[in-house]
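A.B. asks:
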């Protein structure tokens, strides 16, 4: 296959890179080999996320003889989500593929994912599943399994492997999502929110042989916090009053009942001034009111955001009749018009 760049390549491959200088030559070569085995044209967006090991210089050298390689250099280390978004902002293909630069993902599996998108119009995103993981450490396997089940249950997007970076998307899905913070872990959930139909296919996985893993135990706590954010985002982004107001009512209701009970006791002559129950009732009511007010403020902010032309509340596609189906009818109309002109 001719690997020269095209004005609009069929596939854009986005790879975030951070201190992977030892893997880059092999990575680029294996991606080129994988893409040469299939008919789609491609480009490789290698996003250097502020590496300090010479990865940027290596990318420049590789790009000098490979026109399809488009390095992108971030000013400093912003994190994987920002690196991916920098690549997404520059993609040109109708399909977008992501994978890590550590060669634990198998570049040879990229055509497998693309074939699924090409042959199955009911799928918008294909997520890789490292069915036979080669991580030697149980400390990585066990938390990953727990996280996959927790995220699947909380978001409603049931996947075996959220952590697999090898994924393929139709371009409109990528155009609808924005990554920031550390939301790269939840791209399937964001894609579902954007209307994507998702499937999962087993892919190969390799143990890391060069470089150093960038993940630590602290990632577990960040995943939990980000999961709270993504669940809130998916369920209550456009109706914050339902989240804050609902919690506020649950807090205020027992507070009101407590105060009503104490009022009744006061009426019958009992002293309630020094009772801790009075303080608990007042605090519950105040906290409930604060939550409801926070929900109302959130609703006002959402109204301002949408009326000012913010992100769309929904994504829609209008039916367009197939021009090839309508060609005979169009020719009949043209022939009738020509007959009328002659007459």
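Numbering (UniProt numbering), first residue to last: 1 to 343. Just so you know, even glycine gets a beta-carbon here, dropped at the ideal spot from N, CA and C.
(1) Which value, in whole angstroms, describes the spacing of the CA atoms of residue 272 and residue 266?
(2) Please report the distance separating the alpha-carbon of residue 207 from that of residue 92.
(3) Give me the Cα-Cα distance between residue 64 and residue 58, rounded to the nearest whole angstrom.
(4) Could you name the residues that DSSP lists as bridge partners for residue 199?
(5) Would you kindly work out how many angstroms separate the C-alpha atoms of residue 152 and residue 264, rounded to a whole number?
(6) Against chain D, does residue 202 count as a neighbour if the rule is that its beta carbon must be under 8 Å from one of theirs?
(7) Just checking, does the stretch 168-180 make contact with the stretch 112-128 on the three C-beta pairs under 8 Å criterion?
(8) In the DSSP assignment, find the unbroken alpha helix (DSSP H) run with residue 88 in it and report its ends.
(9) Of all the alpha helix (DSSP H) runs that stay within the bounds of the stretch 35-82, which reach a length of 4 or more residues?
(10) Identify every residue that forms a DSSP beta bridge with residue 16.
(11) Quick one: is residue 228 buried, meaning 16 or more other Cβ sit within 10 Å of its Cβ, or exposed?
(12) Taking residue 119 as part of the alpha helix (DSSP H), name the residues at either end of that continuous run.
(13) Just grab the DSSP bridge partners of residue 11 for me.
(14) Would the stretch 41-54 count as touching the stretch 119-126 if we require 3 or more Cβ pairs under 8 Å?
(15) Which class does residue 169 belong to by DSSP, given the choice of helix, strand or coil?
(16) Residue 76: buried (16+ other C-beta within 10 angstroms of its C-beta) or exposed?
(17) Any idea what DSSP makes of residue 242, helix, strand or coil?
(18) Out of 100, 52, 225, 32, which one is the CA nearest neighbour of residue 183?
(19) Do the stretch 174-189 and the stretch 99-108 touch if we need at least three Cβ pairs shorter than 8 Å?
(20) Cutting at 7 Å between CB atoms, please list the residues of its own chain near residue 324, excluding the five before and the five after it.
(21) So, are the CB atoms of residue 244 and residue 291 less than 8 Å apart?
C.D. replies: On the basis of the supplied data:
(1) Counted from its first residue, the chain shown places residue 272 at position 272. Counted from its first residue, the chain shown places residue 266 at position 266. Cα-Cα distance, rounded: 7 Å.
(2) In the chain shown, counting from the first residue as 1, residue 207 sits at position 207. In the chain shown, counting from the first residue as 1, residue 92 sits at position 92. Roughly 32 Å separates the two Cα atoms.
(3) Locating residue 64 in the chain shown gives position 64, counting from the first residue. Locating residue 58 in the chain shown gives position 58, counting from the first residue. Looking at the two C-alpha atoms, the distance is approximately 10 Å.
(4) To locate residue 199, count along the chain shown from 1; it is residue 199. DSSP, once it has assigned bridges, lists 126 as partnering residue 199.
(5) Start at 1 with the first residue of the chain shown, and residue 152 comes out as number 152. Start at 1 with the first residue of the chain shown, and residue 264 comes out as number 264. Taking the straight line from one Cα to the other gives about 48 Å.
(6) The displayed structure is made up of one protein chain only, and chain D is not part of it.
(7) yes
(8) Here residue 88 refers to the residue found at position 88 when the chain shown is read from its first residue. That run of the alpha helix (DSSP H) goes 80-88.
(9) 55-64
(10) By one-based count along the chain shown, residue 16 stands at place 16. DSSP lists 47 as partners of residue 16.
(11) Reading the chain shown from its first residue, position 228 is the one you call residue 228. Result: exposed.
(12) As a working mapping, residue 119 is identified with position 119 in the chain shown. Element bounds for residue 119: 110-119.
(13) Counted from its first residue, the chain shown places residue 11 at position 11. Answer is 42, 95, bridged to residue 11.
(14) no
(15) Reading the chain shown from its first residue, position 169 is the one you call residue 169. In the structure shown, residue 169 sits in a strand (DSSP, three-state: E or B).
(16) Residue mapping note: residue 76 aligns to position 76 of the chain shown, counting from 1. Classification for residue 76: exposed.
(17) Position 242 of the chain shown holds residue 242. Of the three classes helix, strand and coil, the one that applies to residue 242 here is helix, per DSSP.
(18) Counting from one through the chain shown, the residue named residue 183 turns up at place 183. When only C-alpha atoms are compared, the closest one is 225.
(19) no
(20) Translated into the one-based positions of the chain shown, residue 324 becomes position 324. Only weak support is given to the placement of residue 324: the predicted model assigns it a pLDDT of 44, under 50, and the value that follows is read from those uncertain coordinates. Here the set comprises nothing.
(21) Here residue 244 refers to the residue found at position 244 when the chain shown is read from its first residue. Here residue 291 refers to the residue found at position 291 when the chain shown is read from its first residue. Yes, Cβ-Cβ distance for residue 244 and residue 291 is below 8 Å.
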